[in-house]
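Under full-length UniProt numbering, the first residue of the sequence shown carries the number 1, and numbering increases by one thereafter. First up is the structure itself, then whatever we jot down about it.
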Amino acid sequence: MIVFNFRADRARQLCRLLGGVGTDEWPFTLDRPDVRLTTMTRYEETYPFPVAFPPNEPERTLGELWADAGMAQLRVAESEKEPHVTYFFNGGRDRPFAGEQRRIVASPDVPTYDHQPEMSAAEVTDAAVAAVAEGDPQPDALVLNYANPDMVGHTGDFDAAVAAIEAVDRELGRLADVLAEVGAHLLVTADHGNADDMGTPESPHTAHTFNPVPVIYVSPEGDAHGRAIREGGSLPDVAPTILSLLGMPQPDEMTGESLFE
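Dropping the structure here:
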């Protein structure tokens with residue numbers, strides 16, 4: 001059997017069942033089919049299945065560079081987006097880097113997130129604020145995900161999407177105030193759109209969009225502090241931009257350029 005899914009987070013559970021991974025921990029018995037399983041990509045480092053296309057792992061990711069510099073780094077998200085601030089951000093690596101801490105709060109138990117468009121954004125902010133204010137150690141770098149615009153955007157419910165964006169706006173404001181108090185840089189962006197195009201009531205749009213996403217920078221002084229963001233940037237430019245803010249050298253493996261003019 002070949003599992004064609006190329007995204008790891010969407011296929012792990014089924015492959016775990018079909019392949020009998022961790023069967024001793026299951027609270028039930030399962031009459032599994034006798035199959036030899038091959039996965040399209042590597043879904044998890046510990047899985048024993050052959051992989052059709054092994055990963056081309058990014059070298060020198062931000063998390064690795066921060067770890068090498070001895071920095072304390074914190075990843076915060078609700079459970080719906082846990083892989084995005086851990087596995088994906090680390091270039092397909094499940095294990096945390098040295099100095100990497102993770103705080104994951106539970107997503108709401110609802111059929112779809114239009115039933116609770118604020119999701120767990122407030123709890124995500126609370127976790128980050130507590131770590132910044134009282135962390136031991138206090139994080140030198142914070143990676144945080146607000147799930148609302150993407151997950152509520154997928155429902156196609158316009159009013160719920162508006163409520164989701166308003167919730168993130170409130171929480172991002174709370175976070176920005178705390179970061180300003182401790183003299184931190186704030187960079188806000190995304191890797192794709194969703195709630196920016198909700199379609200029409202007759203034909204709702206529930207998929208990702210290809211529209212350019214914003215990059216918002218707030219300096220410790222509370223403004224751009226004389227920095228201007230150039231036009232025409234792309235996702236590979238985000239990491240070099242962060243390194244430039246931290247005064248860290250950009251490795252040769254990173255092909256992007258800082259977004260600051």
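The beta carbon of each residue, even a glycine, is placed where N, CA and C say it ideally should be.
inquiry  = So, with DSSP's three-state summary, where would you put residue 89?
reply    = In this structure, residue 89 counts as coil in the three-state DSSP scheme.
request  = With a 10 Å radius around its C-beta and 16 neighbouring C-beta atoms as the bar for buried, classify residue 56 as buried or exposed.
outcome  = The residue is exposed, with fewer than 16 neighbouring Cβ atoms inside 10 Å.
task = Reducing DSSP to helix, strand and coil, say where residue 75 ends up.
result = Looking at residue 75 - three-state DSSP - the assignment turns out to be strand.
ask   = Where are the beta strand (DSSP E) runs, 3 residues long or more, that stay fully inside the segment 29 to 64, in chain order?
value = As far as the segment 29 to 64 is concerned, it has no whole beta strand (DSSP E) run of at least 3 residues.
ask   = So residue 105 packs on residue 85, CB below 8 Å; how close in whole Å?
value = Incorrect: roughly 12 Å between the Cβ atoms, too far for contact.
message = Does residue 39 pass the burial test, meaning 16 or more other C-beta atoms within 10 Å, or should it be called exposed?
response = Burial call: buried.
message = Out of 29, 6, 8, which one is the CA nearest neighbour of residue 17?
response = Looking at the Cα atoms, 29 is the closest of the given residues.
key: Exposure label - residue 168; buried when at least 16 CB within 10 Å   = A residue is called buried once 16 or more other Cβ atoms fall within 10 Å of its Cβ, and residue 168 is buried on that count.
ask   = Cβ of residue 223 less than 8 Å from any chain B Cβ?
value = This model lacks chain B altogether; it includes just one protein chain.
message = Across the segment 166 to 184 and the segment 121 to 141, are there enough close Cβ pairs to call them in contact, namely three or more that are closer than 8 Å?
response = Taking one beta carbon from each stretch, the segment 166 to 184 and the segment 121 to 141 have 3 or more pairs nearer than 8 Å; the two touch.
inquiry  = Can you give me the C-alpha to C-alpha distance between residue 103 and residue 120, rounded to a whole angstrom?
reply    = Going from the Cα of residue 103 to the Cα of residue 120 covers about 13 Å.
inquiry  = Can you tell me whether residue 116 is buried or exposed? The criterion is at least 16 other CB atoms within 10 Å of its CB, across all chains shown.
reply    = Under this definition residue 116 is a buried residue.
inquiry  = Per the DSSP calculation, residue 105 is bridged to which residue(s)?
reply    = 78.
task = Counting only the same chain and skipping the five closest in sequence on each side, list residues whose C-beta sits under 7 Å from that of residue 61.
result = Apart from sequence neighbours up to five positions away, the residues of its chain that approach residue 61 with a beta-carbon distance below 7 Å are 90, 91, ordered along the chain.
inquiry  = Quick check on residue 51: buried or exposed, where buried means 16 or more other Cβ atoms within 10 Å of its Cβ?
reply    = Result: exposed.
ask   = Relative to the C-alpha of residue 128, which residue among 174, 13, 227 is closest?
value = Nearest option by C-alpha distance: 174.
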